[in-house]
Every structure is written in C-alpha cells, then in structure tokens.
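*Asks:* If you count the sequence shown from 1, position 290 lands on 289 in numbering that gives the first Met the number 0, and the numbers rise without skipping.
Here a beta-carbon is modelled for each residue, glycine too, at the ideal position from N, C-alpha and C.
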Amino acid sequence: MGEAAAALPVPAQEAAASAPPPWADMETDCLAHVFRRLDLEDLAAAAPLVCRGWRRAAADPSLWRALDLRRDHVARFMPWAPLATAFARRYGVAGFALAGFLRLCVARARGSAEDLALPPLLASPAADLDRISLQCPRLRRLALPQLPAADEARLAELVPRWPLLEHLELDAKPSASFPALAAQLGRHCPRFASLKTSGAVKPEDAAALARSLPGLRSLCLDRSYLPRQELLTILAGCRGLRELSARGCVGFDEGDEEVARRGARIERFDVGGSRLIDELQDELAAGDELCDSSYVDVM
C-alpha cells in the first residue's frame, strides 16, 4: 500500500488520504447483514454513530425483529451500566431507563418485531404493554415477567392484537384471569402452540387449558403447584401435546402410574422431581426439629 501511494502524484495521494473508508460506501443491505451479529446495545449506541451509512443500516427494521431484553438485564439496565454510560456520553441522555430503551427498540422495529422478551424491571407495565400491543402486531413469541394483578387481568384484553402469536411465556401464571387468557388465545391466535408458566394450577385453570387450547403442542409448568387431578384433566383435554414438562411440581408423584400411562403418548414427557406434597412443609407440620426459632426468624 505504501509503494502504491508513493507512485501516485501528490494531489492524488491527498485525495486518497481524505477519501472515506471503503466500508462507509457498503450497500445498506450488506451492512445490515453484518449488523445482525451485533447486540441490541451496539445497534443502538455504537453503530449509528460511525457514519451516515452505518446509521441508516442500523435502523433497518429487520435488525430489530428479535428483542430479548431479559439477558443479563440487571447488569445491562442499571444507571451505572455500560449501556447507560454510552447513552449519556453519545446522546446526552441524563436519565437512562429500560422504558426508554424499550421505546427505542420498538420504534426501530417499525411494527416488524416478532420475538419480544421483557425483564422484571418495568416501571410502568400497563403503559409498556399498551405500547407493545399497538406497535408490535406481528409478535410470534412473547415473554413477560410477573405482572401486577391489574395488568394480569388486562393481558387477556390485549391478546386479540397479536393474531400471529405462537408462544407465550409468563414468569407467573395469572391468578384469577388465566381462564379468560386461555379463552382469548384459543379464539384469536390460531397458530398458538406453546405455553410456559409457573404457579398454582386450579381446577378452572386446567379446565380452561383443556377446553380452549386442545391443540396446544408444548406446555411447561415446571415448579408449579399442580394437583394430580388437574394434570390428568390437562392430559385428557390437550390431545395435541407433543411436549409436556412438569418438573419439580407439588401435587402429584413423579412415579404415579396413571400419570405415566396418560403421558406415554407424548413424545417428550418429563415430570422428574415432582412429589405429592411439599417435603419441607410436611416436616414442619409434623413438628420436625428443623422448625426452631431461628428458622422461623429467617423465614
């Protein structure tokens, strides 16, 4: 390179030195293909500041279709985290917050977001859910943290806005509104096939799954309170299941013969570690020596 530059006339050398680097002239589609390997943080706070071409490519909606904000969320979204520092330094943002970053991601997606996972750091869940339901109509996969009771109840109202939804993941099963949620999923989401949640499965919850989502293909209820009769109701009603995981549950025994017989038709059936009663609670009820004053203080 040095010999080639030396062979050029002085004006040509100066022009070559001042010319923009070749990657600045790359086609937007090519840059977007490369940028698919970047994290959301780099797409938002680094790539757009290199040059106009990179800014244009980083805004390509195809790069914002998968928005996983759960990964390392504590380290990523704290005020002292590198992402907040980058926004403060490069954009002059004094009060960085998850809600603002979520708005940025959703806006960049321009309605094309298909996969969204939210962390348990939502300052205003109701406002965030409303925004997502209106600006992300093409969602196929949605993962939500535990929500306040009022927002749990509203979730069923928002489901019709996601007609393409295929997978829903809830950190905590809605307590009172789950039957209504299941009914809405069955009525408005014809492709819905996968549900993951955890909590106390009541008779009405099991009945709602069997009645509203008989074609469910994957169900994960790990670490739930799942009585034997409710599990049998689900197995009898959800005949399309290909995968059912109920590991570490309380309410039935993993060696139950009837449960094993009903689950034999399912390709991936895993109830390992489940037990009829909570062993710790049983020990406490029996007056086990574990229940001393220090243990009660810790609890």
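I want to know whether the segment 95-110 touches the segment 141-152 - three or more CB-CB distances under 8 angstroms.
*Replies:* Too few Cβ pairs lie closer than 8 angstroms, so no.
*Asks:* Indicate the three-state DSSP secondary structure (helix, strand or coil) for residue 86 in the structure shown.
*Replies:* Reduced to three states, the DSSP call for residue 86 is helix.
*Asks:* How long is the line joining the alpha carbons of residue 295 and residue 111, rounded to whole angstroms?
*Replies:* Its pLDDT being 30, under 50, residue 295 is placed unreliably in this model, and the value from its coordinates should be taken loosely. Whole-angstrom Cα-Cα distance: 51 angstroms.
*Asks:* As a quick exercise: from 199, 44, 202, pick the residue whose alpha carbon is nearest that of residue 75.
*Replies:* Checked all of 199, 44, 202; the closest Cα to residue 75 is 44.
*Asks:* Where do the ends of the beta strand (DSSP E) carrying residue 132 lie?
*Replies:* Premise fails: residue 132 lies in the alpha helix (DSSP H), 124-134, not in any beta strand (DSSP E).
*Asks:* Could you pull the start and end residues of the beta strand (DSSP E) that residue 219 belongs to?
*Replies:* Segment 217-219, the beta strand (DSSP E) holding residue 219.
*Asks:* Would DSSP call residue 230 helix, strand or coil?
*Replies:* Helix, per DSSP.
*Asks:* Under the three-state reduction of DSSP, which class applies to residue 242: helix, strand or coil?
*Replies:* It is a strand residue.
*Asks:* Of the residues 252, 258, 116, which one's Cα is nearest the Cα of residue 313?
*Replies:* With the chain covering 0 to 298 only, the question about residue 313 has no answer from this structure.
*Asks:* Would you identify the three-state DSSP class for residue 251, choosing helix, strand or coil?
*Replies:* Coil, per DSSP.
*Asks:* Buried or exposed: residue 174, going by 16 or more other Cβ atoms within 10 Å of its Cβ?
*Replies:* With fewer than 16 other Cβ atoms within 10 Å, it is exposed.
*Asks:* Nearest-angstrom Cα distance between residue 253 and residue 215?
*Replies:* So the alpha carbons of these two residues sit roughly 22 angstroms apart.
*Asks:* How would you label residue 277, buried or exposed, when you count the other beta carbons within 10 angstroms and need 16 or more for buried?
*Replies:* That one is exposed.
*Asks:* Run through DSSP, which three-state label would residue 170 get?
*Replies:* Of the three classes helix, strand and coil, the one that applies to residue 170 here is coil, per DSSP.
*Asks:* How long is the line joining the alpha carbons of residue 121 and residue 171, rounded to whole angstroms?
*Replies:* Approximately 15 angstroms between the Cα atoms of the pair.
*Asks:* Can you list, in chain order, the residues of its chain with a C-beta nearer than 7 angstroms to that of residue 162? Leave out the 5 residues immediately preceding and following it.
*Replies:* Around residue 162: 187, 188.
*Asks:* Just confirm the distance between the C-beta atoms of residue 248 and residue 273, as a whole number of angstroms; I'd bet it's less than 8 angstroms.
*Replies:* 4 angstroms between Cβ atoms; contact.
*Asks:* What would DSSP say about residue 179, mapped onto helix, strand or coil?
*Replies:* Correct three-state label for residue 179: helix.
*Asks:* Using three-state DSSP, classify residue 211 as helix, strand or coil.
*Replies:* In this structure, residue 211 counts as helix in the three-state DSSP scheme.
*Asks:* By a C-beta neighbour count over all protein chains shown, 10 Å radius and 16 as the cutoff for buried, is residue 183 buried or exposed?
*Replies:* Residue 183 should be labelled buried.
*Asks:* For the beta strand (DSSP E) containing residue 116, name the first residue and the last one.
*Replies:* From DSSP, the beta strand (DSSP E) with residue 116 extends over 114-116.
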